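Numbering (my numbering), first residue to last: 326 to 471.
Idealized CB from N, CA, C, for every residue including glycine.
Bear in mind the structure is a predicted one, so any value in this text is a computation, not a measurement.
Below is one structure, written out as structure tokens; comments come after it.
Pasting the structure below:
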């Protein structure tokens with residue numbers, strides 16, 4: 326594992342893969358409980374992206390857990406957002422929202438998190454609203470725990 330310099334966010338998260346995983350991991354761990362369903366959703370989303378083909382996600386999971394615990398969620402997410410390529414920001418925001426809405430409900434803490442991610446990724450407010458509307462429609466009626 327890389328050495329972490331807590332005073333410099335650019336050295337906390339060293340790769341874009343770590344950043345992607347870190348943001349999505351933060352979404353499933355917002356309530357401090359990670360269910361098997363949330364882990365399955367995260368894994369499905371990660372492995373659906375070509376950039377994760379052949380990547381072992383266990384080290385990404387362990388690093389995300391460690392950094393989020395040591396640095397706190399906001400510092401960790403901020404560091405992750407700094408590593409995301411401009412062309413991936415809208416897609417990653419949509420995926421983060423999808424992870425948060427897997428149970429069909431967006432709790433207050435999750436609403437705050439998605440707003441934070443939107444701001445840190447610098448998602449245009451019109452685009453953010455469109456993404457939120459589509460993901461809400463897609464996940465309407467989901468059953469918690471499935």
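Classification of residue i by the beta-carbon crowding that lies within 10 angstroms, buried from 16 upward
i           : result
residue 460 : buried
residue 395 : exposed
residue 383 : exposed
residue 361 : exposed
residue 371 : buried
residue 378 : exposed
residue 376 : exposed
residue 430 : exposed
residue 414 : buried
Alpha-carbon spacing of residue i relative to residue j, whole angstroms
i           : j           : result
residue 434 : residue 353 : 12 Å
residue 432 : residue 423 : 13 Å
residue 347 : residue 409 : 11 Å
residue 462 : residue 388 : 33 Å
residue 359 : residue 399 : 18 Å
residue 417 : residue 339 : 18 Å
residue 364 : residue 393 : 16 Å
residue 471 : residue 342 : Unreliable positioning characterises residue 471 in this predicted model, as indicated by a pLDDT of 44, which lies under 50. The coordinate reading is nonetheless provided below. Their backbone Cα atoms lie some 27 Å apart in a straight line.
residue 451 : residue 419 : 13 Å
residue 344 : residue 374 : 14 Å
residue 391 : residue 357 : 13 Å
residue 426 : residue 397 : 22 Å
residue 454 : residue 440 : 11 Å
Expected contact under 8 Å - CB spacing of residue i and residue j to nearest Å
i           : j           : result
residue 351 : residue 446 : Not really, about 13 Å apart at Cβ, beyond 8 Å.
residue 402 : residue 442 : 6 Å
residue 421 : residue 349 : 6 Å
residue 404 : residue 337 : 4 Å
Any non-hydrogen atom of the ligand GDP within 7 Å of residue i CB
i           : result
residue 399 : Looking at this structure, you won't find the ligand GDP or any other ligand, since it has none at all.
Helix, strand or coil at residue i according to DSSP, with G and I counted as helix
i           : result
residue 447 : coil
residue 436 : helix
residue 465 : coil
residue 441 : helix
residue 337 : coil
For the stretch 348-430, which segments carrying the alpha helix (DSSP H) assignment without a break, of at least 4 residues, lie completely within its bounds, in sequence order? 361-372, 383-396, 398-407 and 414-425
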